[in-house]
Amino acid sequence: MAKKTKSGNVLKDMKELATGIYNKIMKKKQPELVTPLRSLNNVKYDVKDGYFELLGKTKSRTLTASTVKTFAQTLLMMNESKKLIQDDDIATKREMYYISKNWKDARFKEQPESDTVMDDIEAMMMVNREQLGFIPEEKGGDIAGKLIVVDKDPETGKQIKIDCTKMGSGAYSVPSSVEGLKFETSAKFILAIETAGMFQRLVKHNYWKKANCILISLGGVPTRACRRFIRRLSDDKKLPVFVFTDGDPYGFLNIYRTFKVGSGNAAHINEYFCVPNAKFIGITPQDIVDYKLPTHPLKDVDIKRVKDGIKNDPFVQHHKEWQKSLAQIVKMKVRAEQQALAKHGLNFVISDYLPKKLKNPKSWLP
Amino acid sequence: MAKEDNTKAHELAKKQRDIGVAEFFSRNRHLLGFDNKRKALMTTIKEAVDNSLDACEEAGILPEIIVDVVDMGNDRFRVTIEDNGPGIVKAQIPKIFAKLLYGSKFHTMKQSRGQQGIGISASVMYAQLTTGRAAKITSKIHPNKPANYYELHVNTQQNKPEILKEEEKEWKKERGTKIEVDLEASYIGGSQSIDEYLKETAITNPHVTIIYTNPKAEQIIFPRATENVPKEAKEIKPHPHGVEMGMMIKLLKDTDSRTLQSFLTTEFSRVGGGTAKEICKNGALLPNTKPREMSRDMTEKLMEGIKKTKLINPPTDCISPIGEELLEKGLRKEINAEFYAAVTRPPSVYRGNPFVIEAGVAYGGDQNSEGTIRVMRFANRVPLLFQQGACATTKSIMGTGWRAYGLSQSQNSLPVGPCSIVVHIASVWVPFTSESKEAIAHYPEIIKEIKLALQECGRRLASYVRKRRKIADESKKRSYIETYIPYVGAALKELLSLKAADEEKISSMLNTILEKQRGTLEKIGVDNPDYDEDLAKIGKKEEEVIEDGEEN
Chain S
1 MAKKTKSGNV
11 LKDMKELATG
21 IYNKIMKKKQ
31 PELVTPLRSL
41 NNVKYDVKDG
51 YFELLGKTKS
61 RTLTASTVKT
71 FAQTLLMMNE
81 SKKLIQDDDI
91 ATKREMYYIS
101 KNWKDARFKE
111 QPESDTVMDD
121 IEAMMMVNRE
131 QLGFIPEEKG
141 GDIAGKLIVV
151 DKDPETGKQI
161 KIDCTKMGSG
171 AYSVPSSVEG
181 LKFETSAKFI
191 LAIETAGMFQ
201 RLVKHNYWKK
211 ANCILISLGG
221 VPTRACRRFI
231 RRLSDDKKLP
241 VFVFTDGDPY
251 GFLNIYRTFK
261 VGSGNAAHIN
271 EYFCVPNAKF
281 IGITPQDIVD
291 YKLPTHPLKD
301 VDIKRVKDGI
311 KNDPFVQHHK
321 EWQKSLAQIV
331 KMKVRAEQQA
341 LAKHGLNFVI
351 SDYLPKKLKN
361 PKSWLP
Chain D
1001 MAKEDNTKAH
1011 ELAKKQRDIG
1021 VAEFFSRNRH
1031 LLGFDNKRKA
1041 LMTTIKEAVD
1051 NSLDACEEAG
1061 ILPEIIVDVV
1071 DMGNDRFRVT
1081 IEDNGPGIVK
1091 AQIPKIFAKL
1101 LYGSKFHTMK
1111 QSRGQQGIGI
1121 SASVMYAQLT
1131 TGRAAKITSK
1141 IHPNKPANYY
1151 ELHVNTQQNK
1161 PEILKEEEKE
1171 WKKERGTKIE
1181 VDLEASYIGG
1191 SQSIDEYLKE
1201 TAITNPHVTI
1211 IYTNPKAEQI
1221 IFPRATENVP
1231 KEAKEIKPHP
1241 HGVEMGMMIK
1251 LLKDTDSRTL
1261 QSFLTTEFSR
1271 VGGGTAKEIC
1281 KNGALLPNTK
1291 PREMSRDMTE
1301 KLMEGIKKTK
1311 LINPPTDCIS
1321 PIGEELLEKG
1331 LRKEINAEFY
1341 AAVTRPPSVY
1351 RGNPFVIEAG
1361 VAYGGDQNSE
1371 GTIRVMRFAN
1381 RVPLLFQQGA
1391 CATTKSIMGT
1401 GWRAYGLSQS
1411 QNSLPVGPCS
1421 IVVHIASVWV
1431 PFTSESKEAI
1441 AHYPEIIKEI
1451 KLALQECGRR
1461 LASYVRKRRK
1471 IADESKKRSY
1481 IETYIPYVGA
1491 ALKELLSLKA
1501 ADEEKISSML
1511 NTILEKQRGT
1521 LEKIGVDNPD
1531 YDEDLAKIGK
1541 KEEEVIEDGE
1551 EN
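Chains S and D, in that order, are what the protein sequence lines are. Using the numbering used here, you'd call the opening residue of the first sequence number 1 and step up by one each time. Using the numbering used here, you'd call the opening residue of the second sequence number 1001 and step up by one each time.
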């Protein structure tokens, strides 16, 4: 497992935490649960570590009108987690939400409430949710290319090898838990692609064969599992990772930034769920100019998002190149999609854009 | 061409003749409060009780009043009102009860319930018009003398009493007066009933005992709450600023003074020799003019002179308010509320007439929080039950910003909330909008004083409402927190594999911690030993019936 807990044993830590609260109550002292504040203004970015790290800000749940319900819910969810670990079972985030329906007054009204408490327990105990017995609903990303994934048969436990070159026009899909997987590959690099459309085009024309690479479709902001998968693959096989998104603020700040250094909201687990050595190959604002790409106007919310990023995002603040590019796109007030390259011919991306990009590190963004 | 003595004017002249005062009022009975059968009953009792109370107070007697209303079927009622007052001398009895505009109060400037001398004789007249029966009066002025008994009618054309029977009678009572009339009426309970009127009278006149038998033959006794007769109201002379032209002409005619200057100093308050001279000078009149020789023009000049002269306000010690303490006590008896406040304003003056405003509020408790507030109005301790919309009191309440004091209120309307407001005006001359004495006229000075009194009550109310809201918020928060305490216990029990007893211990400890941390919650609510439930019920037994023309 990725995370090292305080004692290396989640159950033990959990019991210790509960005992602390119990003792406080018995001494007639106000019991309290302290969790790190999970937000962009409580992270720092150190390029040497390569990911967002938590600063010291915390929030506290105790016997006040605004926090008592969450206080009780946190303890109740810890108890569910304890049962899952003891029974060697798992529950999805949605299932956890439904389990809470037994808690009468303390039940969650909507799943986001339940997810938040789960994230808080992760952050408080410095573990990831899989260690608590919880798994996400979504699967992460599709894979095609020069990679063999070594997995186990869920029934027999026998080793299974999955060859991602033999997926035909389909793809291998990243499972929700990737810690047990092993890899075999002869590829030179990993190419992570934002849209399924572009991924399909590259698979259809066997781009991975020509470029000797592994293709991964992120499908928007990559899931934790997908990030973790690429991180492990990249670390294991010493492969460089390139990210190819639409040329818009969402692609830059939501998809790429989260992929590379993590997010404020999940800062407590970023260390393991990001890919610090990733590079951004496009579409950059400069590409829009250089390739005369067809564009759409930026919406006000997009512009606000970028300005906000320039002002508050520690990652952007650290990289002058990103500041420049973001300033450029605000000035241009336009965005371009990956598929806009089709203006120059359907296979222009394969024949010209990607080879040229990969050869010229100066056209990348950090 | 018609002859000179046969013109249309001559023809019309045949129809032109005196209208008797009594005849006028008999045709315009609504002016006196006899608009309908229900009000007729109410007005009759009210006038008799008002007279009894005035008489007792003047004589320094603690009043004990017996009111009997008997339903005789066919919308006929026999009403008997008996008091223990000083009695009426024989010669006056017929005039007082059977001549309109005859009385002692019209010419004096003194705080009293009756004013014009119309009320009781109007009742006698109404009774006579509707049932044809005579009013039966018994009055006794000394323990050693027999009582005088009269049966009276009003001669409506000539406005004078017609004596049907006159005799001496034995009456087992030291002194007092009793009137019995039969009239067409109807009895309906509710907020404008006799029951309510008598109850409110008892509240604002705590020195009075009323023994009331209603048409259902139920006896209700309102015992006196204090043995102290209210401070006797003093009579004052009129203040020049309060006198109108007609009154002035009458005063000039009736005076014994030989000169205008002495007329001014003897007939009016706040006029000394110097001031009298100044008035004469301002009116371009000679101080030694003989009052009887004053022409209309000269009188007008005199009025002009008075207007131009600066005068000291009339004396105000002639007013006898209820007092904050007794007003609050009355409210406590009637309304089971959480908070009470009562204010007696210092005396003030409108048009030369001194007056005092008193106001009280009762908030919360058993009162309905959805509807408009309840308004209780009193003038010289007499409850006003009709014409609420037309009253200066209502206007003042609507013109006060109650939202700042914790009640909800739309623009220019009565506030909404669990609250009752009492307003009392005491004056030597209460300005009513009509002779039926149901609503107070809109004098700016009076409205201003009412508002000041209400604002003072409002400020005290606001601080209570704020406190109450704070406590309610805190109690809500607390009970919210308490909801989740058992879940903490349950979760910890399972997490730490504790026993059931430990779970309970956790909950009780958490409750202790909560108490320790947030402090003890102050208890608020109704704490009112003075509340008299049976009293409060009176006048509320039946649904309110709002009759035409009574509410705007």
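Glycine is no exception: its CB is placed at the ideal position from the N, C-alpha and C atoms.
Around D:LEU1452, the same chain offers ARG1345 as residues with beta carbons nearer than 7 angstroms, after the five sequence neighbours per side are excluded. The C-alpha of D:LEU1461 lies about 15 angstroms from the C-alpha of D:ARG1332. The segment 99-119 of chain S and the segment 196-203 of chain S do not touch, with fewer than three beta-carbon pairs separated by less than 8 angstroms. Interface residue (Cβ-Cβ distance to chain D less than 9 angstroms): S:TRP364 is not classified as such.
Between D:TYR1405 and D:VAL1465 a beta carbon distance of about 7 angstroms is seen, short of the 8 angstroms cut, so the two are scored as contacting. Judged by DSSP secondary structure, D:HIS1424 falls within the beta strand (DSSP E) whose first and last residues are 1419-1427.
Contact annotation: the segment 1182-1198 of chain D does not touch the segment 1495-1508 of chain D, with fewer than three C-beta pairs closer than 8 angstroms.
When rounded, the separation of the alpha-carbon atoms in D:LYS1165 and D:GLN1092 is 15 angstroms. Fewer than three beta-carbon pairs drawn from the segment 1391-1408 of chain D and the segment 1346-1354 of chain D are found closer than 8 angstroms, and the two stretches are therefore not classed as touching. Listed in chain order, the non-local C-beta contacts of D:ALA1359 below 6 angstroms within the same chain comprise VAL1343, VAL1423, ALA1453, LEU1454 and CYS1457, local neighbours out to five positions each way being set aside. Sixteen is the threshold: since fewer than 16 other Cβ atoms of the shown chains lie within 10 Å of the Cβ of S:PRO361, the residue is exposed.
CA-CA distance, D:GLY1119 to D:ASP1035, rounds to 14 angstroms. For the segment 8-24 of chain S, the residues whose beta carbon sits under 8 angstroms from a beta carbon of chain D are, in order, MET14, LYS15, ALA18, THR19, ILE21 and TYR22.
Spatial neighbours of D:SER1436 in its own chain (CB-CB distance under 6 angstroms, excluding positions within 5 residues in sequence) are listed in chain order as LEU1032 and GLY1033. Residues of chain D whose Cβ lies closer than 8 angstroms to the Cβ of S:MET78 are, in chain order, ALA1491 and LEU1495.
For the pair D:GLY1242 and D:ALA1127, the Cα-to-Cα distance works out to about 36 angstroms. No Cβ of chain S is located within less than 9 angstroms of the beta carbon of D:LYS1470. Beyond the five residues adjoining it in sequence on each side, S:PHE280 comes within less than 7 angstroms, by CB distance, of VAL243, TYR256, TRP364 and LEU365 in the same chain, given in chain order. With 16 or more neighbouring CB atoms inside 10 Å of its own CB, S:ALA192 falls in the buried class.
For D:LYS1499, no CB of chain S lies under 9 angstroms from its own CB, so it is not counted at the interface with that chain. A direct Cα-to-Cα measurement between S:GLN86 and S:GLY133 gives close to 10 angstroms. Under the three-state reduction of DSSP output, S:THR35 falls in the strand class.
The CB of D:ILE1506 comes closer than 9 angstroms to the CB of TYR22, ILE25 and MET26 in chain S, given here in chain order.
Residues of the same chain with a CB within less than 6 angstroms of the CB of D:LYS1136, apart from the 5 flanking positions on each side, are GLU1151 and GLU1180 in chain order. Scanning the segment 1002-1074 of chain D for uninterrupted alpha helix (DSSP H) segments of 4 residues or longer gives 1008-1013, 1021-1027 and 1037-1059, listed from N- to C-terminal end. By the criterion of at least three beta-carbon pairs nearer than 8 angstroms, the segment 277-294 of chain S is in contact with the segment 341-359 of chain S.
Beta-bridge analysis with DSSP links S:SER173 to S:ASP142. Per DSSP, S:PHE348 has no beta-bridge partner at all. At least one CB atom of chain S sits nearer than 9 angstroms to the CB of D:THR1512. Residues are counted here when their Cβ sits less than 9 angstroms from a Cβ of chain D; for the segment 116-141 of chain S the count is zero. Around the beta carbon of D:VAL1526, a 10 Å sphere encloses fewer than 16 other beta carbons of the protein chains shown; the residue is thus reported as exposed. Sequence-distant partners of D:VAL1271 (beyond 5 residues in either direction) whose C-beta falls short of 6 angstroms from its own C-beta, in its chain, are LEU1264 and THR1265. Here D:PRO1206 carries a coil assignment [DSSP, helix/strand/coil]. Excluding sequence positions up to five before and after S:HIS319, its CB lies within less than 6 angstroms of the CB of PRO366, all in the same chain and listed in chain order.
By the criterion of a C-beta distance shorter than 7 angstroms, D:GLU1334 is surrounded in its chain by ILE1203, LEU1535 and ALA1536, once the five residues flanking it on both sides are discounted. Along the length of the segment 1262-1320 of chain D, whole beta strand (DSSP E) runs at least 3 residues long do not occur.
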